[in-house]
Amino acid sequence: MRDSAMRSIPQQIPVPDTLDVESIERTLAKLWQETAHEREHQVDDAVLRTRAADLMVYLKDESLLAQTHQIISELATYHPCRAVLMAGDRTAPKRDIEMYVSAHYSSEKRVASSRLCCEEITLTARGEFVSELPSAAVPLLVPDLPVFLWWRDETGAEEKVLSQLCQAADRLIIDSADSPDPAGHIDSVARKLKLAREEEIVLSDINWARLLPWRASLAHFYDVQGCRTALDQIDHVRIDFTGEPEKSSIVSVQGLLIAGWLASRLDWKLADKTQALASQGRTYNFSKDDRSVVVSFNVIHRPAMKTGRLTQIELENSELKAVFGVSRSEDGTHLETWTQIGGQSYPSRSLPVRNMSDAQLLSREMEMLCDDKVYEEAIAAAMEMVRHR
Amino acid sequence: MTEPPLNPLRAGIRLGPTAEPCVVIIFGGTGDLTRRKLLPALFRLAQQRLIPAEFAILGTSRHPMSDEEYRSKMREALAEFSDEDGIDEAAWNSFAQGIFYVAGEFKDAESFNTIKSRLEEIDQQRKTQGNRIFYLATAPEFFGLIAEQLAAANLSRSQDRAWTRIIVEKPFGHDLESARSLNNKLAQVFEERQIYRIDHYLGKETVQNLLVFRFANSIFEPLWNYQYIDHVQITNAEAIGVEGRGGYYEQAGALRDMMQNHVFQLVSLIAMDPPVSLNPNDIRDEKFRALQTVRTIIPEQVADNAVRGQYGPGQVLGQTVVGYREEPGVDPHSSTETFAAMVIRFDNWRWANVPFLLRSGKRLQKRVTEIAIYFKEVPHRLFSDTGAPLEPNVLLIRIQPNEGITLRFGAKLPGQALRIRWVNMDFRYGSSFGVKPPEAYERLLLDCILGDSTLYARRDMVERGWEIVTPILEAWKTPAVDFPNYESGSWGPDASFDLARRVGREWRKP
């Protein structure tokens, strides 16, 4: 069983006129020595200082710090790293950069009898001093390691800070899941994609990673040769997601992403601007060759699940009476797939789907260093749909 | 035959290749290997969506039972041998719908006709498209017979776009003659591309990492030859004894059980030249080519180049244990070796005059499999008066446990005086990537379903391995007069240390 403990020495380091990177490194080294000395009396193993990546995290304010510390603590198990956290609140009264360091270690025995550890440097600033955060944070990165930037500010107010941090990063990670304005969020993602291309870095979306089990399940239908004839002539797609039925005009980000993915992969073109509303949700008309494909979204009320999460997807070929379905079980713990073609059933299955933690999702993004063209094309297709609102 | 259309939804980096629908027919379906390794591995693959819903297992053995009874037994096996915390019942229930059983005897042709009929039913029910993998998880003496019966029942070749493969467990034969005979029997029934000879060491993450380590980094290859490397040591040590399998081990011994297959696979990965591509046969061509140049040990040279041993009583990891001859199923006067060490040399430009020291044994001090590459000493000793003897650089590749790679080099101790200490620069899988690597059988089974034979042993490699050890096997037919000759919990017989000293080297203490 995994057991992770965080040791933190919130050493306050006053920031002089010029940033003293060496004093920070000395403080970190001292932290390690103290931790190792403390652990010597408890366990036989030395504390292993390990870093396989640099992770910068930008938070829109300090309210997210505690949660982010927890995430980093768990993340250290998968990706020991130097984490540089920045919390900037431009609306608050100005306050110069304050900095403190802490460390995380894991007591998980399975890991080569040593302790995984990583170090965290937190910088906070308020008011105009927020602009100085990138120049304070970037010199603290450990050289020769991949650099990830996790951007946790969807206000859009710190585009310059974002641009500066992107210059030091290899990958920009966002999470499009929780926006109350999905369409606006897709637009924001598209702009970040543009920025990423300009800075020659890669954009990653944690919400896209959440869709992987759905995409894998849908992709699997196309692996079965006996189903291809029916699948190649799909004429209706139904996508259900959680939400409040009275807000049925809003299509969740997950719904837009999965529809954008299907459209881009299967070469569907948005047919025309549609204002048609079903009794719940929204309908889009696509075309492929001379065939129409209707994609309809439906809001399902499931209080136990977060808003905007997919609950069911069905691909239908009405002529051949074929249905290919993926649905999340009521308790949310499994994805169930089924296939029916002309009254004949194919093997169904139920596979566990875990609600992965933020750390686990972040960890997945940090495993990849190359770009994800499939995601970029899905975003572009989703943008097309958003523009047709 | 036209290729099936590509799956447009599988494009991209996150959705890897998927296995095609198939049935895995396990001969020895109630045996230890199936329960401990195969079933848990297949279930894990299913849970990770790496094998499709259109998948089935058909177990077969002598014992009559229904499909439901067999599913129940497999469920028990999963509970006992899976290292997951608990079993997902919904996932198991849907997986179990694809598990079937048929009783039969290998000698009975009618059993194979029954298997054939059953497979046709499964194809209909599970949409497995006629793809088959026959897994021979049986004693090796049945391999040839099963292959013949499959041919007689017209099960060895596939129809239309379907494929048929066969997985054969080690040992592949008992010696060169039997290995060739087995290979010939298989070849009469199957094409080489259909035959997958399993060596589970090749499924281990660190073993696969050897290819990446050598050929994805430019800094090592220029040093990877006689000019810079002094010698190579490969140690494959087990702390356990024969674990109740004395009857099998009496017919095998360390040379057959480990050296001729696992250790030689590691030798070939270290000694090979870069392949021209990652095509399985290109890699296996280079591995075979390396083994081809191993110098033949003529009978008169066996005593100087090979050592055998047998463990006596002793203490291992805090436990007092009996000697080999006291183990159940073992002849009290047995001459079977539980330890083998040998020195091999290569007749090629890359490895001329670089001895490879190999050892493998049971009831040694601890469990470890490692490859130690010793570099030559510096040509001129500048630091002879630094308070410590100059040591060679060592590149250590740990296969198990604590998988990883260590480079040992000299560094100056801080201070006024010029003093050198030897330090390790460590990469450990567990620390650098804090995730559990897949089990070897998961990787190997998936590869076979995907049709990738890179990690499987080819016929020529198997037979070459036997060729190399044949003179030693012949010499060791003479009963050993000094057995047991090493204490359990030691690092093997004294003669193995003499073996290393004869070539001017010393064994590492792992």
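Protein chains in written order, with the working numbering: chain A, 1020 to 1408; chain B, 439 to 948.
Glycine residues also receive a C-beta, built at the ideal position from the N, C-alpha and C atoms.
Cutoff 8 Å: residue i Cβ touching any chain A Cβ
i: B:R452; result: yes
i: B:E548; result: no
i: B:P951; result: Residue 951 of chain B lies beyond the stretch modelled for chain B, which goes from 439 to 948, so this question has no answer here.
i: B:Q597; result: no
i: B:S677; result: Residue identity differs from the one stated: residue 677 of chain B is Ala in this sequence, not Ser. Taking Cβ atoms only, chain A never reaches closer than 8 Å to B:A677, which makes this a no.
i: B:P931; result: no
i: B:K623; result: no
i: B:R513; result: no
i: B:P459; result: yes
i: B:R564; result: yes
Beta carbon proximity, residue i to chain B, threshold 8 Å
i: A:T1356; result: yes
i: A:G1279; result: no
i: A:V1062; result: With a pLDDT of 49 at A:V1062, under the threshold of 50, the modelled position of that residue is not reliable, and no figure is offered here.
i: A:V1312; result: no
i: A:Q1052; result: no
i: A:P1162; result: no
i: A:K1128; result: Here A:K1128 scores only 49 on pLDDT, less than 50, and its place in the model should not be relied on; the value that follows carries that caveat. Answer no: the Cβ-Cβ gap between A:K1128 and chain B never drops below 8 Å.
i: A:R1101; result: no
i: A:H1353; result: yes
i: A:G1245; result: yes
i: A:R1347; result: no
i: A:E1395; result: no
i: A:M1404; result: no
i: A:A1131; result: Unreliable positioning characterises A:A1131 in this predicted model, as indicated by a pLDDT of 44, which lies under 50. A coordinate reading is not provided.
For residue j and residue i, believed in contact at Cβ under 8 Å, the rounded distance
i: A:V1313; j: A:H1407; result: About 14 Å separates the two Cβ atoms, so there is no contact after all.
i: A:V1372; j: A:T1352; result: 7 Å
i: B:V745; j: B:A933; result: 4 Å
i: B:R763; j: B:G679; result: About 11 Å; that fails the 8 Å criterion.
i: B:A494; j: B:G536; result: 4 Å
i: A:I1225; j: A:L1380; result: 5 Å
i: B:D711; j: B:R733; result: That belief does not hold up - the Cβ atoms of B:D711 and B:R733 are roughly 18 Å apart, past 8 Å.
i: B:R797; j: B:G930; result: 6 Å
i: A:S1367; j: B:A517; result: About 24 Å separates the two Cβ atoms, so there is no contact after all.
i: A:F1148; j: A:D1115; result: 5 Å
i: B:F572; j: B:F481; result: No, B:F572 and B:F481 are not in contact; Cβ-Cβ is about 20 Å, not under 8 Å.
i: B:A617; j: B:E901; result: 6 Å
i: A:I1332; j: A:W1233; result: 7 Å
i: B:R570; j: B:L583; result: About 18 Å; that fails the 8 Å criterion.
i: A:I1220; j: A:A1188; result: 5 Å
i: B:I858; j: B:L833; result: Their Cβ separation, rounded to whole angstroms, is 19 Å, which puts B:I858 and B:L833 out of contact at 8 Å.
i: B:R805; j: B:A675; result: 6 Å
Chain-ordered neighbours of residue i on chain B, where CB pairs are closer than 8 Å
i: A:A1235; result: L453 and R487
i: A:H1239; result: T456, R487, P490 and A491
i: A:L1231; result: R452 and L453
Interface partners of residue i on chain B, CB under 9 Å
i: A:R1190; result: The contacting residues do not exist; A:R1190 stays about 13 Å from chain B at best.
i: A:L1285; result: P446 and L447
Chain-ordered neighbours of residue i on chain B, where CB pairs are closer than 7 Å
i: A:H1123; result: Near A:H1123 there are no residues of chain B at all, since even the closest Cβ is about 12 Å away, more than 7 Å.
Residue i: contacting residues in chain A (beta-carbon distance under 8 Å)
i: B:N445; result: A1238, Y1241 and D1242
i: B:Q838; result: The premise fails here: B:Q838 is roughly 12 Å from chain A at the closest Cβ pair, so nothing lies under 8 Å.
Chain-ordered chain A contacts of residue i [CB-CB under 9 Å]
i: B:Q567; result: V1243, Q1244 and G1245
Any non-hydrogen atom of the ligand ZN within 7 Å of residue i CB
i: A:L1388; result: In the structure shown, the ligand ZN is absent, as is every other ligand, since no ligand is present at all.
| task | Could you list the residues in the segment 1360-1382 of chain A with a C-beta less than 9 Å from some C-beta on chain B, going in chain order? | result | Going along the segment 1360-1382 of chain A in chain order, one finds Y1365, P1366, S1367, R1368, S1369, L1370, P1371 and S1382 with a Cβ nearer than 9 Å to chain B.
| Just by C-beta distance, which residues in the segment 526-558 of chain B are closer than 9 Å to chain A? | Considering only beta carbons, the part of the segment 526-558 of chain B lying closer than 9 Å to chain A consists of D526, A528, A529, N531, S532, F533, Q535 and G536, in chain order.
| request: Check each residue of the segment 784-802 of chain B: if its Cβ is closer than 9 Å to any Cβ of chain A, include it; give the result in chain order. | output: Within the segment 784-802 of chain B, no residue places its CB atom closer than 9 Å to a CB of chain A.
| said: Report the start-end ranges of each alpha helix (DSSP H) in the segment 894-942 of chain B that is 4 residues or longer and not cut off at the edges. | reply: Listed in chain order, the complete alpha helix (DSSP H) runs (minimum 4 residues) inside the segment 894-942 of chain B are 897-913 and 932-940.
| query | In chain order, which beta strand (DSSP E) runs of at least 3 residues are fully inside the segment 657-708 of chain B? | reply | Whole beta strand (DSSP E) segments, 3+ residues: 667-675.
| Whole beta strand (DSSP E) runs in the segment 1196-1272 of chain A with 3 or more residues, listed along the chain? | Unbroken beta strand (DSSP E) runs of no fewer than 3 residues, entirely contained in the segment 1196-1272 of chain A, are found at 1221-1224 and 1255-1261, following chain order.
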